[in-house]
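Visitor:
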Amino acid sequence: MSVETTDATTATATTPSRPPASLGREALRRLVRNPMAVVGMVLIGVFVLVAIFAPLIAPYSPTDNSWLDQVRPGQYPGPSAEHWLGIDPLGRDVFSRIIFGARQSLLIGVVALALGAIAGIALGVLAGAFGGWVDTLVMRFVDIMLSVPGLLFAIAVAAMLGQSLTSVMIAIAVVNVPIFARLLRGEMLGQRGADYVLAARSLGISRSAIVFRHVLPNSFTPVIVQGTLTLALAIVEAAGLAFLGLSSSNPSTPEWGRMLTDAQETLTSAPMLAVYPGLAIVLAALGFTLVGESLREALDPKFRR
Amino acid sequence: MLRFIVRRLALLVPILLGLSVLLFAWVRALPGGPAYALLGERATPEAIAAIESQLGLDRPLWEQYLQFLGRAVRLDFGASIQTGQPVTEEMLRRFPATIELALAALLIAVAVGIPLGYLAARRYGTWIDNLAVTGSLLGVTIPIFFLAYMLKYVFAVELGWLPTAGRADPRARADHPTGFYVLDGIVTGNLDASWDAIQHLILPALALSSIPLAVIVRITRASVLNVVNEDYVRTAEAKGLLPGTITRRHVLKNAMLPVTTVIGLQLGVLLAGAVLTEKVFAFSGVGQFMADGLVQRDFPTIQGFILVIAIVYVVINMIVDLVYGLLDPRVRVS
Amino acid sequence: MSLLEVRDLSVTFTRSGSEPVHAVDGVSFDVAAGQSVGIVGESGSGKSVTSLAVMGLLPSRGVRVGGTVMLDGNELTDMDQRALRDVRGRDVAMIFQDPMTSLNPVVTIGRQLTEVLIRHAGLAKGAAKAEAEQLLRRVGIPDPVRRLGEYPHQLSGGMRQRVMIAIAIACRPKLLIADEPTTALDVTIQAQILDLLRTLVAESGCGMIMITHDLGVVAGLCDDVHVMYSGRIVESAGTKDLFARPSHPYTDGLLQSIPRIDDEDPDAVLHTIPGSARDTVAWERGCAFQPRCSRAVAECLAGPPAMAELGTPLVPHPVRCLRPVGDDVVLHEGNVAR
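Chains as they are written, first to last, in the numbering used here: chain A, 1 to 305; chain B, 1 to 334; chain C, 1 to 338.
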């Protein structure tokens, strides 16, 4: 018996120190035990379901203004059996608009994240895999982009592209490019010196094979964490851009940021018109933030106590 | 130390040059081109032609860029479309308000954030920790202007404790030699004016402080959690040092290092966030001017604002690096 | 009466939702003034937890400490934190494993040395600085005045450990605890640090506990040795006696795994202890070393093995084993240290 045990010990000691396979499952276990993560996942679940099934959930069309006759200046009908959240100054059902707004927010978040992450990851991999002057060039570019505060950067890009939802998505995506690029490059540099990469190199495995089969997959956990947080930020930033008049110029678009902005006009007479879309933004963004932060903590070996 | 500063300054040059190229490209990519952007609604074909030759848009690109750069170095961004006055003058007049607001917000964020983050770390896992963590997560997810609305509605409209908008009571008479209203009151011996200015500052500063506050709480908490588990803190305990000494000399001195970096970064975020906050509270700083400029497509203003904020941001980061060097002996030497 | 008397010390880590872990269980030993005692074991054997328990440095949450620790007639386990703070650094001092992480990176060497003098010896700043200079000189640091103004990263690893030692001996403690003080250092430096410790103990007449996994360290330094395994002491003896007559199979395995240059057979295979410390049995059920033991028999799993006395009343040599080595054959006479 003793001989086998010794062999097993030796084998473990010489295997390249790649994170054990149980890491993901262990992280997942800690994630579902964390109440913050569970609340976050529920929020995300509700948000996504509402976005997908908006036409089934919403009692009316978000652009239907048939209740304009019930509205007097400075007097907007509050919650009732027919209109759960009341009627807005343009005679539309607030609840239906909030429900359909989830679609816009989810769309903005996902598109902005996808565009930004893909471009950023490509840049980061380029810099991390090639190193040398490619790395220097890419990182200089990233430094320049990061020298403007994110919100301001998004404002500049959105202003350049003109008022539309597309320009908001692109603006937020652009802001995220340097963040993902830096993250990926850092991960790759960190792992380039990792024992398992050195071991793979000493076995004569080609550089591209190491990058794509070993380094990249191992870099994905921080990308997932950053991606979740980016979704949250995108939803909040989109609202900010809408507030500055940079979102869709069409006032009938049911978009939370836009609704929140319009509510400023009636803040003193109908503050709830601001509260509903504001709360929707906060809850959706909070869902992604909770999950992202819990994920980060679950994956961080420091918190493994 | 001097060499360190010179080297950091040298690093700024490529970043600022790169930024100027980006901004140059941005102006050219504006809808209708730079001439239209400059003229706005006054753009007639003749005016556009006149401006284009005046701007030298018919000359080679690199020559145009050099010209742009020359003007940018002199902070000459042309006239604001909103007021017809030079953008630089308009911004200079409004900058004190924004700086005052940003500093007030930073003061709140630091004064509340660091103690709260420290307390959360020392009471790890208790209700106070959970409250701090949840609050800081809310802080980054709540849109600044939504928070601003709510503060305005509750404390100004409903309760009437604080003014709803502006920088000072329009009925009050006060001189403004510096443009920093709180300071002006003190300088001119008009303390009522200072108090009035502070009252006008509270709500916008609170709204603006939400993100930096949240970030500082989280960084402080994480940093303190890291440091209290360090070997040298155990050494300090093994020496039998008093808890106060351990906290000050061994925990905080190390834990504050990452916090200083983050505080510096937050100043840039504050200046950008001022665009939203100032708009809600009609707080007449550069942020509101910029927000109005966006609606009126005042591109010279937007361009100037972005460049100035970027410079401020980059310089602040350099100062933060220097301060970090002063605080951390390991950086100082290498 | 000894300087330090540890009786039936136990440390249990309790975490909500998981079984309590007995990191240290029923550990007793003495340290006399001027005496060096080695505690030997691999990581996880409870040797470091024992030292932290003596220092009162274990966290209060999630840890249960039992038994007694008497230092110079004072009961340490009953003391509150305030009283313990007066004892730590003054009567007991500790040297940690990694001098890089155990010194504060942003505080000068001088500060880290004088603060303990100011705290316990009541010295003023100037006097503390002069004393610090003397201390650095005593631990063999050249140019001490310059070093006082430097930061830990400006010193080499060996120098840093000398600083740690200077801090530990600053207030002339009665007991010095060294927890693997040479593990993080280069081999060439290790001997210098051990020499320094030996000299300091001889000069000051304090007692010392040397925590180590390396029997070589113990051989040249300690008077008595306690071998720990899985939270309990499995063998205690005078150093010479232990090396001459290792009786617990674990001790024997440790000694045999030290390569010897004078081995008659040049092709001899180096001995290893099979398995790892994770292959264990709860002491309540039997001998924790049983899964790795080549001498194990069925009775080894019939309840906790008691200490068997193999020595004499004057030269005790207790062993926690039913089938101690040397019971049947006499082996390893060549293993006597130096």
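For every residue, glycine included, the Cβ atom is placed at its ideal position computed from N, Cα and C.
(1) Run through chain A and tell me which residues come within less than 7 Å of THR141 of chain B, C-beta to C-beta.
(2) Which partner residues does LEU241 of chain A have in the DSSP bridge list?
(3) So, does the CB of HIS250 of chain B fall closer than 8 Å to a CB anywhere in chain C?
(4) Can you tell me which of the three DSSP states GLU180 of chain C falls into?
(5) Hey, does ASP78 of chain C have any beta-carbon neighbour from chain B nearer than 8 Å?
(6) With 8 Å set as the bound, which would you pick, yes or no: does the beta-carbon of PHE338 of chain B sit closer than that to a beta-carbon of chain A?
(7) Alpha carbon to alpha carbon, what distance is there between LEU191 of chain B and ARG304 of chain A?
(8) Taking DSSP's pairing of strands, which residues face SER230 of chain C in a bridge?
(9) Exposed or buried, PRO45 of chain B, counting other C-beta atoms within 10 Å across all chains shown (16 or more means buried)?
(10) Can you tell me where the alpha helix (DSSP H) with ALA274 of chain B in it begins and where it stops?
(11) Just to confirm the assignment: which complete alpha helix (DSSP H) runs, minimum length 4, are found wholly within the segment 85–153 of chain A?
(12) Taking C-alpha atoms, which residue in A:VAL223, A:PRO271 and A:ALA209 lies nearest to PHE146 of chain B?
(13) Run through chain B and tell me which residues come within less than 9 Å of LEU58 of chain C, C-beta to C-beta.
(14) Which partner residues does PHE180 of chain B have in the DSSP bridge list?
(15) Skipping 5 residues on each side, what residues in its chain have a beta carbon closer than 6 Å to that of THR98 of chain B?
(16) Which residues in chain C sit within 8 Å of TYR118 of chain B, going by Cβ to Cβ distance?
(17) Entirely within the segment 196–242 of chain C and at least 3 residues each: give me those beta strand (DSSP E) ranges in chain order.
(18) Under 8 Å, Cβ to Cβ, is there at least one residue of chain B near ARG422 of chain C?
(19) For VAL365 of chain C, does the count of other Cβ atoms within 10 angstroms reach 16, so buried, or fall short, so exposed?
(20) Taking the alpha carbon of GLN264 of chain A as the reference point, which residue from A:VAL282, A:PHE243, A:ALA102 and A:SER248 has its own alpha carbon closest?
(21) So VAL291 of chain A and GLY40 of chain A are in contact, right, with Cβ under 8 Å, and what is the actual spacing, rounded?
(22) Output the distance between the C-alpha atoms of SER66 of chain A and TRP84 of chain A, rounded to the nearest integer angstrom.
(23) Out of C:ASP30, C:MET307, C:ARG162 and C:SER156, which one is the CA nearest neighbour of LEU136 of chain C?
(24) Kindly indicate if chain A contains any beta-carbon less than 8 Å away from that of PRO14 of chain B.
(25) Give me the Cα-Cα distance between PHE243 of chain C and GLY113 of chain B, rounded to the nearest whole angstrom.
(26) Compute the Euclidean distance between the alpha carbons of LEU101 of chain B and ASP129 of chain B, then round it to the nearest angstrom.
(27) Are SER51 of chain C and MET79 of chain C closer than 8 Å when you measure CB to CB?
(28) Tell me whether THR261 of chain A is buried or exposed, calling it buried when 16 or more other Cβ atoms sit within 10 Å of its Cβ.
(29) Assess, as a yes-or-no matter, whether the segment 67–75 of chain C is touched by the segment 35–47 of chain C under the definition of 3 or more beta carbon pairs within less than 8 Å.
(30) Count the other C-beta atoms from every protein chain shown that fall within 10 angstroms of the C-beta of ASN254 of chain B, then say buried if there are 16 or more, exposed otherwise.
(31) Kindly say whether TYR324 of chain B, judged by its beta-carbon, lies nearer than 8 Å to any beta-carbon of chain C.
(32) Beta-carbon within less than 6 Å of THR230 of chain A's beta-carbon, same chain only, minus the 5 sequence neighbours each way: which residues are those?
(33) Using 8 Å as the limit for Cβ to Cβ distance, is ARG119 of chain C near chain B?
(34) Taking the beta carbon of VAL336 of chain C as the centre, do at least 16 other beta carbons fall within 10 Å, making it buried, or is it exposed?
(35) What is the rounded straight-line gap between the Cα of VAL46 of chain A and the Cα of PRO59 of chain C?
(36) To be precise: take each residue of the segment 98–129 of chain C, compare its Cβ to all Cβ atoms of chain B, and keep it if any distance is under 7 Å. Which residues remain?
Guide: The relevant details are as follows:
(1) ALA232, VAL236, VAL282, ALA285, LEU286 and THR289
(2) Partner(s): none; LEU241 of chain A has no beta bridge.
(3) yes
(4) coil
(5) No, no contact with chain B.
(6) Because chain B spans 1 through 334 in this model, residue 338 of chain B falls outside it and cannot be assessed.
(7) Its pLDDT being 46, under 50, ARG304 of chain A is placed unreliably in this model, and the coordinates cannot settle the point.
(8) According to DSSP, which records beta bridges pairwise, SER230 of chain C is partnered with nothing at all.
(9) exposed
(10) Per DSSP, the unbroken alpha helix (DSSP H) holding ALA274 of chain B starts and ends at 253–281.
(11) 94–130 and 132–146
(12) A:PRO271
(13) Result: empty, since nearest Cβ-Cβ is about 11 Å, beyond 9 Å.
(14) The secondary-structure analysis by DSSP pairs PHE180 of chain B with nothing; it has no beta-bridge partner.
(15) ALA274, GLY285, VAL286 and GLY287
(16) Ordered by position in chain C, no residue passes the 8 Å Cβ test against TYR118 of chain B, which lies about 17 Å from the chain.
(17) 207–212, 224–229 and 232–238
(18) In the structure as shown, chain C starts at 1 and stops at 338, and residue 422 of chain C therefore has no counterpart that could be examined.
(19) Residue 365 of chain C lies beyond the range of chain C shown here (1 to 338); nothing can be said about it.
(20) Closest in C-alpha terms to GLN264 of chain A, from the list A:VAL282, A:PHE243, A:ALA102 and A:SER248, comes A:PHE243.
(21) 4 Å
(22) SER66 of chain A and TRP84 of chain A: Cα-Cα distance of roughly 16 Å.
(23) C:ARG162
(24) Yes, PRO14 of chain B counts as interfacial toward chain A.
(25) 59 Å
(26) 29 Å
(27) no
(28) By the neighbour-count rule (16 or more Cβ atoms within 10 Å), THR261 of chain A is buried.
(29) no
(30) By the C-beta density criterion, ASN254 of chain B is buried, having at least 16 other C-beta atoms within 10 angstroms.
(31) no
(32) LEU113 and ASN176
(33) yes
(34) Only weak support is given to the placement of VAL336 of chain C: the predicted model assigns it a pLDDT of 37, under 50, and the value that follows is read from those uncertain coordinates. Label assigned to VAL336 of chain C: exposed.
(35) 42 Å
(36) ASP98, THR101, SER102, LEU103, ASN104, PRO105, VAL106, VAL107, GLU115, VAL116, ARG119 and HIS120
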